[in-house]
Amino acid sequence: MKTDKMLKDLGLNERAFAVIKSSVQKIESATSGEIALALTAESSSYAFWELFAAVIASAVFFALLLPFAKNILQFSARFFWVVPAWYMPFVYGCGILSAIIAVFFLANIRAIDRLIVPKSVFRQSVYERALRYFSESGVYKTSDRSGVLIFASYLEKHVFILADTGIAQKIEQAVWDKIAAKLASDLGKGSGEKAFLCALEECGVLLAKHFPKKNEGCSELPDGLAVL
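Quick note: the sequence shown uses our numbering, first residue 5, plus one each step.
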């Protein structure tokens, strides 16, 4: 899925990115917690599942063609004195190959992709991508272990909020999961800016309550929304 289309669907432009960044900065001015935001069009290519669906579809297509073998031969007889031995395997082979190619490319359409790939695979892929970005972005390296990552994956419609150990000691994961579920739902409505701002507000209240600002140290994580 293309990033440009995702941003357009969510209504995220330069102004929206600036507003989101400003919101993060405002929240962090009242807490020692650090918030990182990330958005990706999809967390995996899902090529295996798309190819698997294409192979299954071609097998079904082959099974549907079998009863028409006689009709195909009769039609072919109009063009050949004697139908070559290779003709039927060639026709069926081309049909199967065409079905595989057609379904494989159709599977890249977002709505069809969501029908093909199991929900459990979607969820696991997003979780693994979130964990990887948690490490890549250095959320785990804040001085007080007070980093929080809000990670959203558009194709899968999944959001994960991962908190470092310092945060986890005071705020249960179930609380973050509730905010993540609401953010995922809000993103599905097409207003990316509003969805992220609402989630940030909820996170900000929690962080300010449990991790009030200690000093005027500089931010340890980027404040804006990172698009992967």
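Where is the CB? At the ideal position from N, CA and C, for every residue including glycine.
This one's a predicted model, so the numbers in the text were calculated from it and none came from an experiment.
Just how far apart, CA to CA, sit Ala106 and Ala58?
8 Å
Do Ala156 and Thr44 come within 9 Å of each other at the CB atom, strictly closer than that value?
yes
Per DSSP, what kind of secondary structure is Glu32 in: helix, strand or coil?
helix
Compare the beta carbon distance of Phe215 and Gly142 with 9 Å and say whether it is the shorter of the two.
no
To the nearest whole angstrom, what separates the beta carbons of Ile1 and Met92, a pair I think is in contact under 8 Å?
Absent from the model: residue 1. The displayed extent of the chain is 5 to 232, so no value can be given.
Selected residue, minimal CA-CA separation from His162, among Glu54, Met10, Gln128 and Gln177
Gln128
Can you have a look at Phe164 and say buried or exposed, based on whether 16 or more other CB atoms are within 10 angstroms of its CB?
buried
Classify Asp181 as buried or exposed, calling it buried when 16 or more other Cβ atoms lie within 10 Å of its own Cβ.
exposed
Per DSSP, cross-strand counterpart(s) of Ile154:
Leu41 and Ile165
Ala230 bridges to which residues according to DSSP?
Ala42
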